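Residue numbers (the numbering used here), protein chains in the order written: chain C, 3 to 308; chain B, 4 to 239.
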C-alpha cells in the first residue's frame, strides 16, 4: 500500500513538468488554434543549453562555466528568443502570405521542421547520451508518514501551480489578457477593436517559450540529467495531458498533466518502464472515445477557450 | 465640414472587383446611408474605409488626414469605428469585457465612467454585465455591439446592417438610437437593408450596384428615383 501511495506521490511530482509543458501547448492552441510542435524542442533546448553553459561557459569564450542557477536563467532566455524566431518564421510569415494561417497545415508543418532541426542541431553538438546537471539539492527529501517526498520536486509542483494561477489571472483581468481572449474567439472582431494582432501574437510565443523554459529548468533540477531526446519524451506525454484535460483549457492542463504523471509512475511500478508510452496513450485513446472534449474542455474543439 | 472623404475607391478580392471608383463624403454630424442589393459592395466599402481590406486604388481622407494606407488600430484611434455585419460580439467574454474591448485603443482615465454611461443608456446590459455576452438576445447583442463601438469615442460610426435579424420593435429602437447618437454629435455611415427607414433617417444616400455608384444625393431625391427599384430588382 505504501508503495502504491509512494508511486502516486512520485507521479504527481512528475506531473509538474507535464503540467507546465501542457500549458505551453494549450496557450498556442487555445489562442491561435496552432499546435506548436516546437514546444518539445524548446523545453529540451533550455535544459541542454543550461547544461552546456554550466559546463563550458557562454560560447565564444564570453564567460567561464556558470553556476547552475545562472545557467538555467540563460537557458530560459535563449528559449524565449528562439520561440520568437519561430513565431516570426512559422506563424507570422504564413499569416502574412496566406491570410488566416490557422486555416492551413503549413505553420504546423513548419513548426514540425523546427522540431527536427533544433533536436538534431543539439544532437550534433552534444550527442544523444545523457549529461549530468548538478545542483546542490538533488537529494533533499522530506518524509511524510512513510512516504519520501523530494523537496525540489515539491517546490517545482508549487511553482507550476503558481504559474498556472498567475497566467489565468493575467488572462482574466489584464487588458492584454482580454485582448488575447478576444483573439482566441474572433481575431477579425479584435482587429476592429483596434487590437494590433501581429503585435500581440508574439506575447503568446513569449509566454509559451517561458513555460517551456521553466519546465526545462524544473526537469534539469529534479532529475539531475539532460539529453537531446528529452523534448520528445516529455512533449508526447504533455500532449496527452493537454488532450486529457481539455484542449485550450488552462485548468485542464493541471489535471491532465498530473493524471498522466500518476499513470506513468503506476505503470513503471506495476509493469515496467517500457510499457509507459503504450499505457498512457492507450488510456488516452479510451478517454477520447468516452469524452472527446477532455475533462475540462468545452464542447467545441479548437478555438475560443481561454 | 467634411469628415470622411472618399474618392475613386477600388476594392478587389483576387480578380473580382467588389468596389470600383466610388466617391463618397460624410460631413461632420451627418447621417449618410449606402443602399444596394446583396453583393453591391456595401460591406466591402465599409471594410475598406475601416482598413480591414486594402484599397486598391483611390484615397480615403478622414478628419483632414489621408488614411488610405493607415492600419486599423490607428483608424480606430482617430475616431473611425465599424459595427460589423452580424454584430461580431465576443460571446465567450462577459458583457463588461466586451465593452472594455471597445475601449482597447484608449489610455485615458475616463474609460470606467464611459462604461457606466453605456450601462445607463442600455439598462438591459447593466443587468447582465458579468454574464457571458452569448446569453444576450439578438437585440441586446446589437446594443452591446454599438455600446462597444461607442467606447472607442468615435466621431464617425459605420453600421453594417444593424437591423438584420431584429424584431420589428428592436428595429424601431435601433433607428431611434441612431437618431439619438447623431443628435449627440456622432456622424453615421449606415448600410441597411431596411431601405425606407434608412432613407428616412439619413440626410444623404448613395446607391451602389455591382460596386459602382448608381446615384448619390439627398435621401428624398434618391428615394424618389426609379433607379432605386432597378438596383434592387436587378432590372438595370
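Every residue gets a Cβ at the ideal spot worked out from N, C-alpha and C, and that includes glycine.
Predicted model only: the values in this text are computed from it and were never measured.
Within the continuous alpha helix (DSSP H) that includes residue i, where are the two ends?
i	result
residue 159(C)	153–175
residue 70(B)	Neither: residue 70(B) is in no alpha helix (DSSP H) and is coded neither H nor E.
residue 131(C)	Premise fails: residue 131(C) is in no alpha helix (DSSP H) and is neither H nor E.
residue 179(B)	171–186
residue 136(B)	It is not in any alpha helix (DSSP H) - residue 136(B) carries neither H nor E in the DSSP assignment.
residue 286(C)	278–292
residue 13(C)	4–34
residue 202(B)	198–204
residue 144(B)	141–153
residue 127(B)	126–130
residue 138(C)	It is not in any alpha helix (DSSP H) - residue 138(C) carries neither H nor E in the DSSP assignment.
residue 93(C)	Looking at the DSSP string, residue 93(C) is not in any alpha helix (DSSP H), and its letter there is neither H nor E.
residue 40(C)	Counting along the chain, residue 40(C) falls outside any alpha helix (DSSP H), and DSSP gives it neither H nor E.
Do residue j and residue i come within 8 Å of each other at the CB atom, strictly closer than that value?
i	j	result
residue 86(B)	residue 149(B)	yes
residue 58(B)	residue 8(B)	no
residue 217(C)	residue 51(C)	no
residue 222(C)	residue 135(C)	yes
residue 6(B)	residue 184(B)	no
residue 271(C)	residue 7(C)	no
residue 66(B)	residue 47(B)	no
residue 100(B)	residue 154(B)	no
residue 252(C)	residue 35(C)	no
residue 61(C)	residue 120(C)	no
residue 23(B)	residue 166(B)	no
residue 84(B)	residue 161(B)	yes
residue 61(B)	residue 73(B)	no
residue 185(C)	residue 199(C)	yes
residue 269(C)	residue 224(C)	no
residue 225(B)	residue 208(B)	yes
residue 22(C)	residue 162(C)	yes
residue 195(C)	residue 107(B)	yes
residue 25(C)	residue 174(C)	no
residue 39(B)	residue 172(B)	no
residue 286(C)	residue 245(C)	yes
In terms of residue numbering, what span does the beta strand (DSSP E) encompassing residue i cover?
i	result
residue 2(B)	There is no way to answer for residue 2(B), as the model of chain B reaches only from 4 to 239.
residue 143(C)	143–146
residue 13(B)	5–16
residue 159(B)	159–163
residue 220(B)	215–221
residue 190(B)	190–194
For residue i, decide whether its Cβ has a neighbour in chain B, counting only Cβ atoms nearer than 8 Å.
i	result
residue 206(C)	no
residue 302(C)	Here residue 302(C) scores only 49 on pLDDT, less than 50, and its place in the model should not be relied on; the value that follows carries that caveat. Not one chain B Cβ lies under 8 Å of residue 302(C).
residue 141(C)	no
residue 170(C)	no
residue 278(C)	no
residue 77(C)	no
residue 35(C)	no
residue 196(C)	yes
residue 183(C)	yes
residue 103(C)	Confidence is the limiting factor: at residue 103(C) the pLDDT is only 47, short of 50, which leaves the residue's position unreliable, though a coordinate-based value still follows. No - not a single Cβ of chain B is within 8 Å of the one on residue 103(C).
residue 290(C)	no
residue 180(C)	yes
residue 52(C)	no
residue 187(C)	yes
residue 249(C)	no
Of all the CB atoms in chain C, is at least one closer than 8 Å to the CB of residue i?
i	result
residue 155(B)	yes
residue 15(B)	no
residue 145(B)	no
residue 93(B)	yes
residue 71(B)	no
residue 117(B)	no
residue 79(B)	yes
residue 177(B)	no
residue 19(B)	no
residue 160(B)	no
residue 96(B)	yes
residue 133(B)	no
Strictly under 8 Å for the Cβ-Cβ distance: is residue i near chain D by that measure?
i	result
residue 107(B)	Of the protein chains in this structure, namely C and B, none is chain D.
What whole-angstrom Cβ distance do residue i and residue j have, given they're in contact under 8 Å?
i	j	result
residue 243(C)	residue 299(C)	About 13 Å separates the two Cβ atoms, so there is no contact after all.
residue 91(B)	residue 191(C)	4 Å
residue 142(B)	residue 170(B)	7 Å
residue 165(C)	residue 182(C)	Between residue 182(C) and residue 165(C) the Cβ distance is about 16 Å, and since that is not below 8 Å, they are no contact.
residue 67(C)	residue 56(C)	6 Å
residue 41(C)	residue 237(C)	6 Å
residue 36(B)	residue 205(B)	4 Å
Fill in: Ordered list of alpha helix (DSSP H) runs contained in the region 26–113 of chain B, each at least 4 residues
45–53, 75–80 and 98–105
Discussion item. Which complete alpha helix (DSSP H) runs does the region 193–235 of chain C hold, if anything under 4 residues is left out?
Written reply: 199–225
Item to complete: Entirely within the region 66–91 of chain C and at least 4 residues each: give me those alpha helix (DSSP H) ranges in chain order.
Response: 70–88
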